[in-house]
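Undergrad: My structure is below; once you've seen it, I'll send some questions.
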Amino acid sequence: MARQAPQHDVNENELEVGKPKEWAAGIPGVAVSLLRGWEQMGTGRTVRTLRLLNQREGYDCPGCAWPEPREADGEKRKFAEFCENGAKAVAEEATKRRVGPEFFAQHSIDDLADKTDYWLGQQGRLTQPMVLREGATHYEPISWDDAFRLTADKLGELSDPNEAIFYTSGRTSNEAAFLYQLLVRSYGTNNLPDCSNMCHESSGAALSRSTGIGKGTVSLADVHEADLIVVVGQNPGTNHPRMLSALEEAKAKGAKVIAVNPLPEAGLLRFKNPQNVRGVVGKGSPLADEFCQIRLGGDLALFQAIGNLLLSWEDAAPGTVLDTDFIENSTFDFADYAKQVGQLDWDEVDRATGLSREQIAKVAGMIAESKRTIYCWAMGLTQHKHAVPTIEEVANLALLRGMIGKPGAGLCPVRGHSNVQGDRTMGIWEKMPESFLAALEQEFGIPVPRDHGLDVVDSIRAMRDGKGKVFFAVGGNFASATPDTDLTERALRSCELTVHVSTKLNRSHVVHGRAALILPTLGRTERDVQAGGEQFVTVEDSMSAVHSSRGRIAPASEHLLSEVAILCRLARAVFGEDHTVPWRSFENDYDAIRERIARVVPGCDDYNTKVRQPDGFVLPNPPRDSREFTGTLTGKAMFGVNELEYPSAPEGRLLLQTLRSHDQYNTTIYGLSDRYRGVEDGRRVVFVSPEDLTELGFADGELVDLVSEWSDTERRAERFRVVAYPTARGCAAAYFPEANALVPLDSVAKKSNTPVSKAIVIRLERAH
């Protein structure tokens with residue numbers, strides 16, 4: 001029986017603000033996990049689903065991409081190998097709430113457009129394909145065959161394949177991702193924007209140049225064996241909570257942790273692990289040995305300052321600080337880097353970072369003394385205009401000390417959504433290299449386009465300008481995830497057709513083209529049975545480990561299709577039954593897909609055998625495995641030579657970053673409790689330091705409009721409650737997607753084209 005969803009929407013007048021927490025997890029985390037499960041699934045279903053989460057015989061978490069322990073590394077999984085937010089993600093997917101034809105008959109598009117993301121997501125699982133016909137006021141049911149024919153006909157009417165845009169979310173399996181890019185390239189375009197364009201695209205660009213591979217170079221076992229872990233621009237307590245267990249284990253072995261962030265985050269201060277006695281009845285484990293409360297965007301200056309100190313200390317005592325053998329034999333452009341950093345203007349460092357020189361020297365000393373250092377970062381680094389050079393400077397520090405390709409050391413971009421990294425491995429990228437495209441062409445005998453396609457930002461521009469006419473999304477919530485909300489919504493509404501393959505209702509379904517389709521799909525927790533029997537899929541975690549995932553519970557509706565089945569049936573509608581790609585065979589048996597992956601995707605040979613091993617397998621990573629950097633321009637690790645740059649705001653203005661509440665994952669809002677920051681029952685808040693509030697003439701608790709200032713025009717987000725919060729001076733923070741309206745579409749990172757969501761110049765105006 002379907003469980004009823006809450007019918008009331010968010011009332012920001014009920015918002016309450018209390019004192020921020022100084023620790024994360026503990027018994028409250030367990031209690032919230034169980035409560036959300038009971039509310040959405042009931043007691044029995046909660047027990048069944050959580051027992052299988054991140055277990056070998058179960059399914060991969062639909063939330064973050066943090067890896068599981070591997071037996072090959074001498075590690076064992078816990079009985080409860082999940083976190084609070086993973087439990088919430090499963091509750092949202094395995095919910096008993098349903099959104100069927102009767103729901104859409106009751107709610108018009110205009111009615112749904114007035115609802116918040118939270119309300120839409122809480123209604124439950126989609127159960128049948130739905131169509132919004134041109135000029136209609138309500139979605140109505142449509143058969144699968146008619147939905148595929150409508151989409152195929154519209155794609156066939158386009159004058160150029162590049163008028164179609166195919167978006168992907170990170171939750172897509174490797175099998176579905178491989179088929180999706182194959183369908184799109186068979187159709188004739190490389191327009192494959194994905195969520196990576198908005199998060200770790202900057203990491204990929206920087207690391208590809210520095211190390212020759214756009215991924216990290218560490219394993220979970222390395223994290224446990226490190227003696228220094230530098231966590232930058234990241235809030236693991238909310239975004240990757242299982243990382244706290246890894247940090248706790250490293251600390252127990254003597255590691256130190258440096259946290260660099262504008263806000264003090266509870267998860268980096270103290271961790272109460274609910275799976276041990278100290279976390280239940282004790283004070284938990286302190287994590288950060290040094291907290292550097294840096295100003296937004298000052299990280300590049302910090303890393304150059306540390307490099308400057310390491311070089312000067314090496315000059316004073318040759319052979320004691322730098323790994324000179326590694327630098328000489330395995331790197332390129334060290335001399336130019338040393339010259340650039342040696343001329344550093346320390347007054348600029350002071351202004352950029354807001355840190356004392358004493359603290360910077362202390363951090364540099366910890367790095368100089370460490371034998372095994374890991375650098376971790378997330379979107380606090382990647383969503384700046386100068387994100388790519390900043391990450392190159394992180395890599396520079398690792399190269400100076402030889403901290404790549406050795407146990408317990410390396411570079412660790414912590415990816416967000418589960419399998420976002422796998423999507424890229426499988427070919428979801430608008431700029432895949434020639435080697436991949438040629439292999440695809442040879443394997444399937446299809447002409448594969450070579451012109452680069454559109455990323456997220458360029459896709460929005462194309463739709464805005466009438467050049468993108470069909471928008472097709474597998475997963476995700478494009479309207480809420482993207483920048484410049486008003487412009488993006490206008491762009492989507494200008495399309496002739498929008499199609500969304502989804503599990504649940506979201507904002508993108510009500511920001512529609514002239515016609516729109518909702519195609520409901522299986523969740524990762526659900527059994528996938530095809531003509532060839534019960535199927536499993538595979539995913540890749542944040543550290544390049546590929547493993548299987550098998551849903552175990554009954555599907556939410558008899559009308560659901562898997563992502564693989566949806567793509568295969570759409571391909572048959574577009575290309576016909578005699579297409580050179582065997583779409584019907586792929587739908588019937590996913591082993592057939594994996595056989596082709598093995599022949600096309602580098603590192604995936606013998607794929608079907610390897611993914612059936614208990615922990616799957618780890619993809620090759622030359623910098624990590626053998627200190628080889630064959631993917632760079634020189635065949636050696638490349639030092640980056642970068643000018644010092646950082647964002648600044650005019651007098652009377654602040655730099656705003658967007659961030660997540662503890663009760664959300666990406667654009668999915670689980671609830672209204674950001675308990676670590678002390679915010680309850682609301683989301684429209686802006687965190688500002690008490691000193692800045694006084695200087696600007698505002699009081700804690702006032703209602704303000706946030707106005708972003710950009711060269712083309714101003715953007716406004718109305719009625720946010722000011723929260724006096726211990727963030728860095730001159731900086732502010734607000735939740736996305738509510739604050740995405742303030743991010744200009746044309747404000748992007750150099751080289752990666754990622755929207756700049758972490759340095760938005762704003763002013764506060766009293767709300768009317």
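Each residue of the sequence shown is one higher than the one before, counting from 1 in the UniProt record's numbering. Using N, Cα and C, we set each Cβ at its ideal position, and we do this for glycine too. None of the values given here were measured: they were computed from a predicted structure.
Can you tell me where the beta strand (DSSP E) holding V470 begins and where it ends?
TA: Position 470 of the sequence shown, counted from the start, is the residue given in the question as residue 470. For V470, the uninterrupted beta strand (DSSP E) run begins and ends at V470 to V474, by DSSP.
Undergrad: May I ask you to list the residues that DSSP assigns as paired with V131?
TA: Position 131 of the sequence shown, counted from the start, is the residue given in the question as residue 131. Partner(s): E140 and L517.
Undergrad: Tell me the rounded alpha-carbon separation between V90 and H240.
TA: For this step, residue 90 is matched to residue 90 along the sequence shown. For this step, residue 240 is matched to residue 240 along the sequence shown. Taking the straight line joining both Cα atoms gives about 15 angstroms.
Undergrad: Start and end of the beta strand (DSSP E) containing K19?
TA: Locating residue 19 in the sequence shown gives position 19, where the first residue counts as 1. Here K19 belongs to no beta strand (DSSP E), and DSSP marks it neither H nor E.
Undergrad: Rounded to the nearest angstrom, what separates F629 and Y187 at their Cα positions?
TA: In the sequence shown, residue 629 corresponds to position 629, counting from 1. In the sequence shown, residue 187 corresponds to position 187, counting from 1. Distance between the alpha carbons of F629 and Y187 is about 35 angstroms.
Undergrad: By DSSP, does H500 sit in helix, in strand, or in coil?
TA: On the sequence shown, residue 500 is found 500 positions in, with the first residue counted as 1. Correct three-state label for H500: strand.
Undergrad: Drop a sphere of 10 angstroms on the beta-carbon of A352, count the other beta-carbons inside from all chains shown, and report buried for 16 or more, exposed for fewer.
TA: Working through the sequence shown from its first residue, we reach residue 352 at position 352. By the 10 Å Cβ count, A352 comes out buried.
Undergrad: At the 9 angstroms Cβ level, is W144 part of the contact set with chain E, yes or no?
TA: In the displayed structure, chain E is absent; only one protein chain is listed.
Undergrad: Looking at L764 and P688, is the spacing between their C-beta atoms short of 9 angstroms?
TA: On the sequence shown, residue 688 is found 688 positions in, with the first residue counted as 1. On the sequence shown, residue 764 is found 764 positions in, with the first residue counted as 1. The sequence shown places Val at residue 688, not Pro. It is a contact, given that the beta carbons lie within the stated cut-off.
Undergrad: Do the region 291-300 and the region 374-392 touch if we need at least three Cβ pairs shorter than 8 angstroms?
TA: yes
Undergrad: Could you tell me if N329 is buried or exposed, where buried requires 16 or more neighbouring beta carbons within 10 angstroms of its beta carbon?
TA: By one-based count along the sequence shown, residue 329 stands at place 329. By the neighbour-count rule (16 or more Cβ atoms within 10 Å), N329 is not buried but exposed.
Undergrad: Between which two residues does the alpha helix (DSSP H) containing L337 stretch?
TA: Against the sequence shown, residue 337 aligns to sequence position 337. A quick correction: the sequence has Tyr, not Leu, at residue 337. Looking at the DSSP string, the run of the alpha helix (DSSP H) that includes Y337 is F334 to G342.
Undergrad: Measure the beta-carbon distance from S562 to R612 and round it to whole angstroms, keeping in mind my assumption that it falls under 8 angstroms.
TA: Sequence index remark: in the sequence shown, residue 562 carries index 562 (1-based). Sequence index remark: in the sequence shown, residue 612 carries index 612 (1-based). With a Cβ gap of about 19 angstroms, S562 and R612 do not count as contacting.
Undergrad: Rounded to whole angstroms, what is the Cα-Cα separation between A759 and F736?
TA: The residue given as residue 759 occupies position 759 in the sequence shown. The residue given as residue 736 occupies position 736 in the sequence shown. Their Cα atoms are separated by approximately 14 angstroms.
Undergrad: Can you tell me the Cα-Cα spacing of P755 and S544, whole angstroms?
TA: Taking the sequence shown and counting its residues from 1, one reaches residue 755 at position 755. Taking the sequence shown and counting its residues from 1, one reaches residue 544 at position 544. It is roughly 25 angstroms from the alpha-carbon of P755 to the alpha-carbon of S544.
Undergrad: Quick one: give me the first and last residue of the beta strand (DSSP E) that R763 is part of.
TA: Counting from one through the sequence shown, the residue named residue 763 turns up at place 763. R763 -> beta strand (DSSP E) spans I760 to R766.
Undergrad: Spell out a yes or no on whether the region 190-207 and the region 446-464 are touching, meaning 3 or more CB-CB pairs, one atom from each, closer than 8 angstroms.
TA: Taking a contact to require three or more Cβ pairs closer than 8 angstroms, the region 190-207 and the region 446-464 qualify as touching.
Undergrad: Residue ranges of each alpha helix (DSSP H) run of no fewer than 4 residues wholly in the region 165-216, ordered along the chain?
TA: 174-187 and 201-210
Undergrad: Taking the CB atoms as reference points, tell me whether A515 and E134 lie closer together than 9 angstroms.
TA: Walking along the sequence shown from the start, residue 515 turns up at place 515. Walking along the sequence shown from the start, residue 134 turns up at place 134. Yes. Within cutoff.
Undergrad: Should L633 go down as buried or exposed, given a rule of 16 or more other Cβ atoms within 10 Å for buried?
TA: Taking the sequence shown and counting its residues from 1, one reaches residue 633 at position 633. The residue is exposed, with fewer than 16 neighbouring Cβ atoms inside 10 Å.
Undergrad: To the nearest angstrom, how far is the alpha carbon of F720 from that of L703?
TA: By one-based count along the sequence shown, residue 720 stands at place 720. By one-based count along the sequence shown, residue 703 stands at place 703. Taking the straight line joining both Cα atoms gives about 5 angstroms.
Undergrad: At 3 residues or longer, what runs of the beta strand (DSSP E) sit wholly inside the region 320-404?
TA: 373-377
Undergrad: Give every residue of the same chain whose Cβ lies closer than 6 angstroms to the Cβ of V10, excluding the five residues on either side of it in the sequence, and list them in chain order.
TA: Residue mapping note: residue 10 aligns to position 10 of the sequence shown, counting from 1. The answer, listed in chain order, is T116 and Y118.
Undergrad: On the premise that R507 lies in contact with residue 776, defined as a C-beta separation below 8 angstroms, what is that separation, rounded to the nearest angstrom?
TA: Any property of residue 776 remains undetermined from this structure, which presents the chain solely from 1 to 768.
Undergrad: Check this for me: beta carbons of V260 and V223, under 9 angstroms apart or not?
TA: As a working note, residue 260 is residue 260 in the sequence shown. As a working note, residue 223 is residue 223 in the sequence shown. Taking 9 angstroms as the Cβ cut-off, V260 and V223 do not qualify as a contacting pair.
Undergrad: What three-state label does DSSP hand E93 in the structure shown?
TA: Start at 1 with the first residue of the sequence shown, and residue 93 comes out as number 93. Reduced to three states, the DSSP call for E93 is helix.
Undergrad: Once DSSP output is grouped into helix, strand and coil, what is the label at M41?
TA: Translated into the one-based positions of the sequence shown, residue 41 becomes position 41. Of the three classes helix, strand and coil, the one that applies to M41 here is helix, per DSSP.
Undergrad: Look at the Cβ atom of R97, then the Cβ atom of Q123, and state whether they are nearer than 9 angstroms.
TA: One-based indexing of the sequence shown puts residue 97 at position 97. One-based indexing of the sequence shown puts residue 123 at position 123. In this structure, Q123 lies closer than 9 angstroms to R97 by Cβ.
Undergrad: Taking only three categories from DSSP, how would you classify F617?
TA: For the purposes of this step, residue 617 is taken as residue 617 along the sequence shown, with counting starting at 1. Note: F617 maps to strand in three-state DSSP.
Undergrad: By the 10 Å Cβ neighbour count, where 16 or more other Cβ atoms means buried, how is V131 classified, buried or exposed?
TA: Counted from its first residue, the sequence shown places residue 131 at position 131. By the 10 Å Cβ count, V131 comes out buried.
Undergrad: Could you tell me if P274 is buried or exposed, where buried requires 16 or more neighbouring beta carbons within 10 angstroms of its beta carbon?
TA: Numbered from 1 along the sequence shown, position 274 holds the residue referred to as residue 274. Counting Cβ neighbours within 10 Å, P274 comes out buried, since at least 16 surround it.
Undergrad: Apart from the five residues on each side of it in sequence, which residues of its chain come closer than 8 angstroms, Cβ to Cβ, to M1?
TA: On the sequence shown, residue 1 is found 1 positions in, with the first residue counted as 1. Note on M1: pLDDT 46, under 50, position unreliable in the model; the coordinate value appears next. Cβ within range, chain order: K96.
Undergrad: Relative to the alpha-carbon of R270, which residue among I669, M243, K283 and F82 has its alpha-carbon at the smallest distance?
TA: The sequence position of residue 270 within the sequence shown is 270, counting from 1. When only C-alpha atoms are compared, the closest one is K283.
Undergrad: Quick one: what's got a C-beta closer than 8 angstroms to R490's C-beta in the same chain, skipping five residues either side?
TA: As a first step, residue 490 is located in the sequence shown; it is residue number 490 there, counting from the start. R464, listed in sequence order.
Undergrad: With respect to the beta strand (DSSP E) encompassing H547, which residues constitute its N-terminal and C-terminal limits?
TA: Taking the sequence shown and counting its residues from 1, one reaches residue 547 at position 547. H547 -> beta strand (DSSP E) spans A545 to S549.
Undergrad: Give the single residue among V321, E358 and V394 whose Cα lies nearest to the Cα of K371.
TA: For the purposes of this step, residue 371 is taken as residue 371 along the sequence shown, with counting starting at 1. When only C-alpha atoms are compared, the closest one is V321.
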